[in-house]
Every structure is written in C-alpha cells, then in structure tokens.
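Novice: Pasting a structure here, questions to come.
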Amino acid sequence: MSRIIKSGLIQMSLPLTEGEGTIAEIKEAMVQKHLPLIDEAGRQGVQILCLQEIFNTPYFCPGQDASWYASAESVPGPTTERMAEYAKKYSMVMIVPVFERESAGFLYNTAAVIDADGTYLGKYRKNHIPHTSGFWEKFFFKPGNLGYPVFQTKYAKVGVYICYDRHFPDGARVLGLNGAEIVYNPSATVAGLSQYLWKLEQPAHAAANGYFMGCINRVGTEKPWNLGKFYGTSYFVDPRGQIFAQASEDNDELLVAEFDLDMIDEVRSTWQFFRDRRPETYEKLVEL
C-alpha cells in the first residue's frame, strides 16, 4: 500500500520592514500575510506544511542591530501556539521557524514542529551559524544544541535543517541515520555567491541519504539592508535527487506536491549507502 503525502511550502516577501512600524507590527503583518496561504494549504488537504526561515520577521542579519533581539520569543510560545490552532483545524503538521529566546542572551534560529492535532512535538535549533558576506548571524544566534532530532508526526518522520546547514553534509547524513523520511530546509538565501549551490546541495543530500526534501526560500528584496534578491524557487526533491515541483522566483506562493514515501524503500533497496557505510574509518570527521 502506497504512502502518499501531500506537502506544502510557503515562500513570502515582506509586507512591512524596518522603519515602517514597530517590531510587533512588522511581525503581525508578516503573520497576517501568511494566513491566507496557510488556509489555502488546509483547503487543499496539505498534510505537512513548512514555512520559511524566521518566517514572521525580516531577515535582519545583514545588519547588527540589537533592537531585533526583541523579536525573539519562547518556543513553545505565542507564535507556535497560534500556528497550532491552524494545525489542529486542518489536521496539518506544521514546521514553524522563528527567532527563539530561551533566556536572556540565549537566542536561537529555531523551527518548531507541530503535529496534526496541534501538539507541539519539539524543535530544531540551527546548528551551523554563518558570519560572512552580509550574513552576520553570530550577532543574533547561538549555535544549536539539540542535535539532529527527527519527529514522528501523524504522516511521516520529519527532520529539519535550516538554511546555512545545507552546506554541511554531516548533519544531513545524521538526519537520515535518525530515520527522517522528509527533511525540510527553510532558508533565506539571495542571488550571488551560493545561488548555484541551491539546486546542487539539497538534491545531493536527498540522493545520498535516500529521503525527500522540501526546500524553502524567501522572495523579494528587504530594505533597508538590501542584501540582494531572495530568489524563491522553493522546491521538492525525491530520494533519487530529482526536483519534481518548484515555485517561481518572484511571487508569494504556496507550492503543493504529492509524493509516495514508499520510494524511500525502493531507492534504498538499490543504493545501499547505509549498509555500506564505514563509520570506523571516519575518525577524521569528528576531530576537533
């Protein structure tokens, strides 16, 4: 019996930005802009929906303004509780990336996972934090300290990798070893230095580990930072590394696709990468 999953990704541009309202107003405007597409996902019967990196704020990391610390919130907390209502309403698993405040000075780039009955299952904290070329994330985020968890949702075993994480194959492999069937990578990435990697690294992770991936990017430009154009093109990729659904470069969009999780077993029965691993030879990978 096939295990057909219908999944959705939302890519979104800013309705308000710095200087156009308070931080609370900017966050609320972004949530309000998402809600029609979240409702549309529910109407289409989406079973697992993922939002973009720090979905309810601008990507403020091109600056180093400590006032944005005030946009961080607890996880679970007000935004995850609000999204849990939609998860329960539509029986839809949701991956909700936000700026997390654990306590004073302990701030993380985090994604909460909410099950289809509205239950908070846990969170992933971005492990690899860039600090280069306008992506000054170490000013805002501590490195994650929760490892690479996989969450048993109503529909599938789900893992999360966030943006810059995708440049590191090690965590992607651990997610596969931990049992992930679908890995979601919410991102904020602009045209330029790494654009050619957008459709290279994640299909490679999917093929090397025999799982599906849902990869989300923002759209538009964000003032006053003007880091560059967020080029969208969110996509789904299968365990053979083939992209089978893709969003536009410029538009706010809900991308919906159906796929069969049984393909994982089919692919892994051919490519026995997990069987043929030689972890006893990989000591170099964990040297400090």
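Each residue of the sequence shown is one higher than the last, beginning at 1 in UniProt numbering.
Beta carbons are placed, not taken as given, at the ideal position from N, Cα and C, and that holds for glycine.
How big is the Cα-Cα spacing for residue 188 and residue 123?
Specialist: To locate residue 188, count along the sequence shown from 1; it is residue 188. To locate residue 123, count along the sequence shown from 1; it is residue 123. Rounded to the nearest angstrom, the two C-alpha atoms are 19 Å apart.
Novice: Please determine if the stretch 102 to 116 and the stretch 154 to 174 are in contact, where contact requires at least 3 C-beta pairs separated by less than 8 Å.
Specialist: The answer is yes - the stretch 154 to 174 touches the stretch 102 to 116, with three or more Cβ pairs under 8 Å.
Novice: Scan the stretch 138 to 193 and note each continuous beta strand (DSSP E) run of 3 residues or more that stays entirely inside, going in chain order.
Specialist: Taking only runs of at least 3 residues, the beta strand (DSSP E) segments lying wholly in the stretch 138 to 193 are 150 to 152, 157 to 160 and 182 to 186.
Novice: From residue 259 to residue 102, what does the alpha carbon distance come to, in whole angstroms?
Specialist: Along the sequence shown, read from residue 1 onward, the residue named residue 259 stands at position 259. Along the sequence shown, read from residue 1 onward, the residue named residue 102 stands at position 102. Approximately 36 Å, taken between the alpha carbons.
Novice: So what does residue 215 bridge to, in DSSP terms?
Specialist: As a first step, residue 215 is located in the sequence shown; it is residue number 215 there, counting from the start. The partner list for residue 215 (beta bridge, DSSP) reads 185 and 235.
Novice: Whole angstroms is fine: what's the gap from residue 93's alpha carbon to residue 134's?
Specialist: Here residue 93 is taken as the residue at index 93 of the sequence shown, counted from 1. Here residue 134 is taken as the residue at index 134 of the sequence shown, counted from 1. Rounded to the nearest angstrom, the two C-alpha atoms are 33 Å apart.
Novice: Look at the alpha carbon of residue 83 and the alpha carbon of residue 137, and state the distance between them as a whole number of angstroms.
Specialist: Here the question's residue 83 lines up with position 83 in the sequence shown. Here the question's residue 137 lines up with position 137 in the sequence shown. C-alpha separation (whole angstroms): 25 Å.
Novice: In terms of residue numbering, what span does the beta strand (DSSP E) encompassing residue 97 cover?
Specialist: As a working note, residue 97 is residue 97 in the sequence shown. Run containing residue 97: 93 to 103, per the beta strand (DSSP E) assignment.
Novice: Going straight from the alpha carbon of residue 131 to that of residue 56, what length do you get?
Specialist: Here residue 131 refers to the residue found at position 131 of the sequence shown. Here residue 56 refers to the residue found at position 56 of the sequence shown. C-alpha separation (whole angstroms): 22 Å.
Novice: Is it the case that the stretch 35 to 43 contacts the stretch 64 to 82, given that we only count it when at least three CB pairs across the two stretches are under 8 Å?
Specialist: With the cut-off at 8 Å, the stretch 64 to 82 and the stretch 35 to 43 do not touch.
Novice: Per the contact definition of three or more C-beta pairs closer than 8 Å, is the stretch 165 to 174 in contact with the stretch 195 to 209?
Specialist: Cβ pair count under 8 Å is three or more, so yes.
Novice: Are three or more beta carbon pairs between the stretch 241 to 253 and the stretch 271 to 287 nearer than 8 Å?
Specialist: Segments in contact, no.
Novice: Looking at C-alpha atoms only, which residue of 149, 141 and 177 is the closest neighbour of residue 205?
Specialist: Taking the first residue of the sequence shown as 1, we reach residue 205 at position 205. The option with the nearest alpha carbon to residue 205 is 177.
Novice: What residue range does the beta strand (DSSP E) around residue 125 cover?
Specialist: Within the sequence shown, numbered from 1, the residue matching residue 125 stands at position 125. Note, residue 125: beta strand (DSSP E), 120 to 125.
Novice: Would you call residue 46 buried or exposed, if buried means 16 or more other Cβ atoms sit within 10 Å of its Cβ?
Specialist: If you number the sequence shown from 1, residue 46 lands on position 46. That one is buried.
Novice: Would you mind working out which of 222, 179, 5 and 50 sits nearest residue 98, comparing C-alpha positions?
Specialist: Translated into positions along the sequence shown, residue 98 becomes position 98. Checked all of 222, 179, 5 and 50; the closest Cα to residue 98 is 50.
Novice: Can you tell me whether residue 53 is buried or exposed? The criterion is at least 16 other CB atoms within 10 Å of its CB, across all chains shown.
Specialist: Translated into positions along the sequence shown, residue 53 becomes position 53. Buried, because 16 or more other Cβ atoms sit within 10 Å of the Cβ of residue 53.
Novice: When DSSP builds the beta bridges, which residues end up paired with residue 67?
Specialist: Stepping through the sequence shown from its first residue, residue 67 is reached at position 67. According to DSSP, which records beta bridges pairwise, residue 67 is partnered with nothing at all.
Novice: So, for residue 15: in the same chain, excluding its five sequence neighbours on each side, which residues have a beta-carbon less than 7 Å away from its beta-carbon?
Specialist: For this step, residue 15 is matched to residue 15 along the sequence shown. If we look at residue 15 and ignore the five residues flanking it on each side, its Cβ neighbours are 29, 30 and 33.
Novice: Taking only three categories from DSSP, how would you classify residue 17?
Specialist: Counting from 1 along the sequence shown, the entry for residue 17 is found at position 17. Three-state result, residue 17: coil.
Novice: Using only the heavy atoms of the ligand ZN, determine whether one of them is closer than 7 Å to the beta carbon of residue 207.
Specialist: With respect to the ligand ZN, the structure shown offers nothing to examine, as it has no ligands at all.
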